[in-house]
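Those protein sequence lines, which keep their order, are chains X and B. Residues 1 to 164 (this note's numbering) are what the first sequence spells out, left to right. Residues 1 to 99 (this note's numbering) are what the second sequence spells out, left to right. Glycine included, C-beta positions come from ideal geometry on N, C-alpha and C. All of these numbers come straight from a predicted model, not from anything done at the bench. Everything below concerns the one structure shown next.
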Amino acid sequence: PASSSSTAVYQQSEAASSTESPPQNERNTPSPIDPDCVEVEVNFNPDPADLVLSSVPGGELFNPRKHKFTEEDLKPQPMIKKAKKVFVPDEQKDEKYWTRRKKNNVAAKRSRDARRLKENQITIRAAFLEKENTALRTEVAELRKEVGRCKNIVSKYETRYGPL
Amino acid sequence: VFQSHEEDDRKVRRREKNRVAAQRSRKKQTQKADKLHEEYESLEQENTSLKREIGKLTDEMKHLSEVLKDHEKICPLLHCTMNFVTIPRPDALTSCLPR
Chain X
1 PASSSSTAVY QQSEAASSTE SPPQNERNTP SPIDPDCVEV EVNFNPDPAD LVLSSVPGGE
61 LFNPRKHKFT EEDLKPQPMI KKAKKVFVPD EQKDEKYWTR RKKNNVAAKR SRDARRLKEN
121 QITIRAAFLE KENTALRTEV AELRKEVGRC KNIVSKYETR YGPL
Chain B
1 VFQSHEEDDR KVRRREKNRV AAQRSRKKQT QKADKLHEEY ESLEQENTSL KREIGKLTDE
61 MKHLSEVLKD HEKICPLLHC TMNFVTIPRP DALTSCLPR
């Protein structure tokens with residue numbers, strides 16, 4: 001039975017985002033440990049509507065399995081210059097004023113949408129990671145069991161007949 | 001048409017209430033986001049460390065299988081208890097296929 005994540009994902013219109021792919025390593029035959037090449041089966045089925053809300057409208061669908069977030073400023077971008085709110089009487093609201101307002105309104109909307117998109121992405125990815133981690137933990141437990149069994153067999157042999 | 005001082009007072013009060021509410025709302029949003037990011041960060045770290053451990057254990061498993069296999073070839077005993085080589089399991093793949 002497929003389970004979908006019950007996460008809160010919000011609507012938006014246009015925005016921008018960045019995609020990162022994890023570094024790939026080639027396997028050399030006698031290399032000891034594989035870094036991030038480990039994969040486990042994870043049945044993660046998010047609401048496709050959520051995925052759409054987490055994807056940049058002009059680009060590809062958001063993939064929570066691959067998309068990592070670095071220190072990619074999981075910190076929000078602090079606003080540096082914040083102009084003080086100055087009251088403008090109707091007479092002074094000329095064309096210049098309104099073009100400036102429109103520009104700012106558009107920019108503000110863009111900023112809100114971008115932020116909403118980012119949060120949606122992180123939410124879905126976090127949901128995926130939770131599932132993956134559970135699967136990984138199971139895998140670790142099983143491997144530990146198997147390794148234990150093997151070592152047990154070897155030690156039982158070695159105590160009787162000496163080292164291999 | 002004159003506006004009484006009362007109406008102005010009401011407007012001022014309403015605006016102040018809204019300002020405070022907006023501030024509260026923004027703060028709530030920021031806190032929610034920060035919490036999410038924190039949880040996400042810890043999940044990524046846990047994820048990485050688990051994968052690392054799986055890699056370690058898998059390598060250990062491979063090594064032990066080889067040892068058992070090698071022994072099977074030279075073991076003098078008829079029914080050596082070591083002849084139970086484990087089968088590689090399909091669940092966890094360590095794949096480094098170039099994408």
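Could you tell me if residue i is buried or exposed, where buried requires 16 or more neighbouring beta carbons within 10 angstroms of its beta carbon?
i                     : result
residue 79 (chain B)  : exposed
residue 5 (chain B)   : exposed
residue 170 (chain X) : Beyond the ends of chain X as shown, which are 1 and 164, falls residue 170 (chain X); an answer cannot be given.
residue 121 (chain X) : buried
residue 65 (chain X)  : exposed
residue 61 (chain X)  : exposed
residue 100 (chain B) : Here chain B comprises residues numbered 1 to 99, so residue 100 (chain B) is not present and cannot be evaluated.
residue 27 (chain X)  : Any reading at residue 27 (chain X) must be qualified, since the residue scores a pLDDT of 41, below 50, and its modelled position is unreliable; the value itself is stated next. It is exposed - the Cβ of residue 27 (chain X) has fewer than 16 other Cβ atoms within 10 Å.
residue 71 (chain X)  : exposed
residue 7 (chain B)   : exposed
residue 118 (chain X) : buried
residue 82 (chain B)  : buried
residue 24 (chain X)  : In this prediction, residue 24 (chain X) has a pLDDT of 40, which is less than 50 and means its spatial position is unreliable; nothing more can be read from the coordinates.
residue 34 (chain X)  : buried
residue 80 (chain X)  : exposed
Nearest to residue i by CA position, among the options, is which residue?
i                     : options                   : result
residue 89 (chain X)  : X:119, X:83, X:97         : X:97
residue 170 (chain X) : B:48, B:29, B:11          : Outside the displayed range of chain X (1 to 164) lies residue 170 (chain X), so it cannot be described from this structure.
residue 64 (chain B)  : X:115, X:57, X:144, X:161 : X:144
residue 87 (chain X)  : X:79, X:101, X:74         : X:101
residue 9 (chain X)   : X:115, X:108, X:83        : X:115
residue 45 (chain X)  : X:58, X:38, X:63          : X:63
residue 11 (chain X)  : X:130, X:85, X:109        : X:109
residue 38 (chain X)  : B:51, B:19, B:39          : B:51
residue 60 (chain B)  : X:156, X:162, X:149       : X:149
residue 36 (chain X)  : B:29, B:18, B:56, B:76    : B:56
Excluding the five sequence neighbours on either side, which residues of its own chain have a C-beta within less than 7 Å of the C-beta of residue i, listed in chain order?
i                     : result
residue 40 (chain X)  : 132, 135, 136, 139
residue 147 (chain X) : none
Enumerate in chain order the residues of its own chain whose CB-to-CB distance from residue i is below 6 Å, with the five nearest sequence positions on each side excluded.
i                    : result
residue 9 (chain B)  : none
residue 82 (chain X) : none
Near residue i, which residues of its chain fall below 8 Å by C-beta distance, leaving aside the five closest residues on each side in sequence?
i                     : result
residue 168 (chain X) : Because chain X in this structure spans residues 1 to 164, residue 168 (chain X) falls outside the shown range and cannot be described.
Below 8 Å between beta carbons is the criterion; list the residues of the segment 31-52 of chain B that meet it against any residue of chain X, in chain order.
From the segment 31-52 of chain B, only 33, 36, 37, 39, 40, 41, 43, 44, 46, 47, 48, 50, 51, 52 have a Cβ closer than 8 Å to chain X.
Do the segment 108-128 of chain X and the segment 34-44 of chain B touch if we need at least three Cβ pairs shorter than 8 Å?
Result yes; three or more Cβ-Cβ pairs closer than 8 Å.
Could you check whether the segment 49-56 of chain X touches the segment 8-19 of chain B, counting it as contact only if at least three pairs of C-beta atoms, one from each stretch, sit closer than 8 Å?
Flag = no, the segment 49-56 of chain X and the segment 8-19 of chain B do not touch.
Between the segment 72-86 of chain X and the segment 26-42 of chain B, do at least 3 Cβ pairs fall closer than 8 Å?
Counting Cβ pairs under 8 Å, three or more are found: they touch.
Listed in chain order, which residues of the segment 142-158 of chain X have Cβ atoms closer than 9 Å to some Cβ of chain B?
Within the segment 142-158 of chain X, contact with chain B at the beta-carbon level (separation under 9 Å) is assigned to 142, 143, 144, 146, 147, 149, 150, 151, 153, 154, 156, 157.
According to a CB-to-CB cut-off of less than 9 Å, which residues of the segment 51-71 of chain B neighbour chain X?
For the segment 51-71 of chain B, which is checked against every Cβ of chain X, the residues closer than 9 Å are 51, 52, 53, 54, 55, 56, 57, 58, 59, 60, 61, 64, 65, 67, 68, 70, 71.
So if I threshold CB-CB distances at 8 Å, which residues from the segment 119-133 of chain X count as touching chain B?
Only those residues of the segment 119-133 of chain X whose C-beta falls short of 8 Å from the nearest C-beta of chain B are listed: 119, 122, 123, 125, 126, 129, 130, 132, 133.
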